[in-house]
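See below for the structure under consideration.
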């Protein structure tokens, strides 16, 4: 059975897949949340809070772009 | 001369399989984007076709030779590869007709296994390899993608749930362009390489290329023709399957579409990283179901999901049966080129008859309906 199912690799695959799927979606959702709140707060003239959400958006989008670049490198090397 | 004729037939059949692979698997990449209106149908298939083409050039390692570790390599001949390809093409067309997403890779493996079984008997089949490379991954892929997409959509709802739907939907639609693009790139790399591997093996078997592993290389014309065939197939679009994946399993909103595609892309890349072969089709189908079920279990049309699962169970034995029968028929005409030639002509005639009948009955399902 152990030769048919490589348990270690399988557990690694499951763990990485779940963490990365949740992480990427969370990052992109945070980017959307940040952009929406940034737009609303800026319209209301609350510059400091708007800037905070602007930074959140930028960081979250950077994480997403990083994930895409990593994905392309992964495709290239496999 | 005779072996050259078989080689030409195998190359043409491999490119035809590559075309059906792209055609059949378009849905994996574009269905959710079309369903959530992230992209228009024509734009979506055009985008997917370009990225499939580009993806085929990104990596040329041809790591996964067809049915490696599943059938005895010394028993595989060009006629077996031909019969296996016909089995895979036939099963791809049957599942497309019924609008069912099934794995083209499993169909190809099944076809080669069936043909090898008829040619060389059970001793040429590695049952353990079949279990570890096909059966176990087929059980894991949809479940893992289901859970990943379900967790992803729950976290997305948690974060953006209280925001205005307009900007949120626009944001996730934009995200789907990136997640769909990643899927298309990964698909082009993985699946076009299967065809490159088949053609290269046939060239080696025919003596056109060196069998020395140190001198192994894929000729440029093989890369370009494989990339072009899968891209052309993708652009043609298997609209029946796109409709099943995009709207018949669940009615998706952009957040669900992004979660299904994003989780699918992550699972496929992770499986590639760990060298664990998972089917793109099964991953995306599982992701779509997970993104729907997390919101409401009854949102998933479980009858449609059941039909898809039946198609997955049948893929290996059905394509193996067709591959075995095709090999048996070719052997009636001897070991030369006559058998593959007659089978090819018969398939072309049958294809032309079906196409003519379809033209008589009315327009096919197209982008406008997709």
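Chains as they are written, first to last, in our numbering: chain A, 278 to 355; chain B, 4 to 373. We treat Cβ as the ideally placed atom computed from N, Cα and C, and that holds for glycine.
(message) At the 7 Å Cβ level, is residue 289 of chain A part of the contact set with chain B, yes or no?
(response) Residue numbering aside, residue 289 of chain A sits at position 12 when the first chain is read from its first letter. Yes, because at least one Cβ of chain B sits closer than 7 Å to the Cβ of residue 289 of chain A.
(request) Tell me residue 33 of chain B's beta-bridge partners as DSSP assigns them. (result) Looking up residue 33 of chain B in the second chain gives position 30. Partner(s): none; residue 33 of chain B has no beta bridge.
(message) Just to check my reading of the structure: residue 256 of chain B and residue 39 of chain B have Cβ atoms closer than 8 Å, yes? What is that Cβ distance to the nearest angstrom?
(response) By one-based count along the second chain, residue 256 of chain B stands at place 253. By one-based count along the second chain, residue 39 of chain B stands at place 36. Confirmed, Cβ separation roughly 6 Å.
(request) Show which residues of chain A have a CB atom less than 9 Å away from the CB atom of residue 175 of chain B. (result) As a position in the second chain, residue 175 of chain B is number 172, starting the count at 1. What residue 175 of chain B touches in chain A: 305, 306, 309.
(request) Check residue 12 of chain B in the structure and name its three-state DSSP category. (result) Locating residue 12 of chain B in the second chain gives position 9, where the first residue counts as 1. Residue 12 of chain B falls in the helix class under three-state DSSP.
(request) Give the DSSP-derived three-state secondary structure of residue 303 of chain B in the structure shown. (result) Along the second chain, read from residue 1 onward, the residue named residue 303 of chain B stands at position 300. Three-state DSSP puts residue 303 of chain B in coil, outside helix and strand.
(message) Residues in the same chain with beta-carbon distance under 7 Å from residue 154 of chain B, minus the five sequence neighbours each way, listed in chain order, please.
(response) As a first step, residue 154 of chain B must be located in the second chain, where it is residue number 151. Around residue 154 of chain B: no qualifying Cβ.
(message) I'd like to know if the segment 179-197 of chain B and the segment 267-282 of chain B are in contact, where contact means that at least 3 CB-CB pairs between them fall below 8 Å.
(response) yes
(message) Classify residue 65 of chain B: buried if its beta carbon has 16 or more other beta carbons within 10 angstroms, exposed otherwise.
(response) In the second chain, counting from the first residue as 1, residue 65 of chain B sits at position 62. Since pLDDT at residue 65 of chain B reaches only 49, below the 50 mark, its modelled position is unreliable, and no value is offered.
(message) Please classify residue 305 of chain B as buried or exposed, where buried requires at least 16 neighbouring CB atoms within 10 angstroms.
(response) The sequence position of residue 305 of chain B within the second chain is 302, counting from 1. Exposed is the call here.
(request) Return the residue from the list B:280, B:320, B:284, B:229 that minimises the CA-CA distance to residue 248 of chain B. (result) For the purposes of this step, residue 248 of chain B is taken as residue 245 along the second chain, with counting starting at 1. The shortest C-alpha separation from residue 248 of chain B is found at B:284.
(message) Using C-beta distances below 6 Å, list every residue in its chain close to residue 202 of chain B, excluding the 5 sequence neighbours before and after it, in chain order.
(response) Reading the second chain from its first residue, position 199 is the one you call residue 202 of chain B. The answer, listed in chain order, is 14, 17, 225.
(message) For residue 74 of chain B, list the residues DSSP reports as bridge partners.
(response) Mapped onto the second chain, residue 74 of chain B falls at position 71. DSSP output for residue 74 of chain B lists B:128 as bridge partner(s).
(message) I need the boundaries of the alpha helix (DSSP H) containing residue 154 of chain B, first residue and last residue.
(response) To locate residue 154 of chain B, count along the second chain from 1; it is residue 151. Note, residue 154 of chain B: alpha helix (DSSP H), 139-163.
(message) Quick check on residue 297 of chain B: does DSSP put it in helix, strand or coil?
(response) Stepping through the second chain from its first residue, residue 297 of chain B is reached at position 294. Coil at residue 297 of chain B, not helix or strand.
(request) Verify the CB distance criterion: does residue 166 of chain B have a CB-CB separation below 7 Å to chain A? (result) On the second chain, residue 166 of chain B is found 163 positions in, with the first residue counted as 1. Output row for residue 166 of chain B: interface = yes.
(message) Measuring CB atoms only, is the segment 203-222 of chain B touching the segment 166-176 of chain B, in the sense that at least three cross pairs come out at less than 8 Å?
(response) no
(message) Distance check for residue 333 of chain A and residue 339 of chain A, CA to CA, integer angstroms please.
(response) For this step, residue 339 of chain A is matched to residue 62 along the first chain. For this step, residue 333 of chain A is matched to residue 56 along the first chain. So the alpha carbons of these two residues sit roughly 10 Å apart.
(message) Rounded to the nearest angstrom, what separates residue 53 of chain B and residue 44 of chain B at their Cα positions?
(response) The residue you call residue 53 of chain B lines up with position 50 of the second chain. The residue you call residue 44 of chain B lines up with position 41 of the second chain. Answer to the nearest angstrom: the Cα atoms are 14 Å apart.
(request) Whole angstroms is fine: what's the gap from residue 349 of chain B's alpha carbon to residue 141 of chain B's? (result) By 1-based counting over the second chain, the position of residue 349 of chain B is 346. By 1-based counting over the second chain, the position of residue 141 of chain B is 138. Their Cα atoms are separated by approximately 33 Å.
(message) Suppose you measure from the CA of residue 319 of chain B to the CA of residue 28 of chain B; what does that come to, to the nearest Å?
(response) Walking along the second chain from the start, residue 319 of chain B turns up at place 316. Walking along the second chain from the start, residue 28 of chain B turns up at place 25. Cα to Cα, the separation comes out at about 17 Å.
(request) State yes or no: is the beta carbon of residue 251 of chain A nearer than 7 Å to at least one beta carbon in chain B? (result) Coverage of chain A is limited to positions 278 through 355, which leaves residue 251 of chain A absent and any answer about it impossible.
(message) If contacts are defined as beta-carbon pairs under 8 Å, then residue 19 of chain B and residue 343 of chain B qualify, I think. What distance do you get, rounded to the angstrom?
(response) Along the second chain, read from residue 1 onward, the residue named residue 19 of chain B stands at position 16. Along the second chain, read from residue 1 onward, the residue named residue 343 of chain B stands at position 340. About 13 Å; that fails the 8 Å criterion.
(message) By the three-class DSSP mapping on this structure, what secondary structure does residue 237 of chain B have?
(response) Within the second chain, numbered from 1, the residue matching residue 237 of chain B stands at position 234. The answer is helix: DSSP assigns residue 237 of chain B an H, G or I state.
(message) For residue 244 of chain B and residue 330 of chain B, I'd like the C-alpha separation in whole angstroms.
(response) The sequence position of residue 244 of chain B within the second chain is 241, counting from 1. The sequence position of residue 330 of chain B within the second chain is 327, counting from 1. So the two alpha carbons sit approximately 29 Å from each other.
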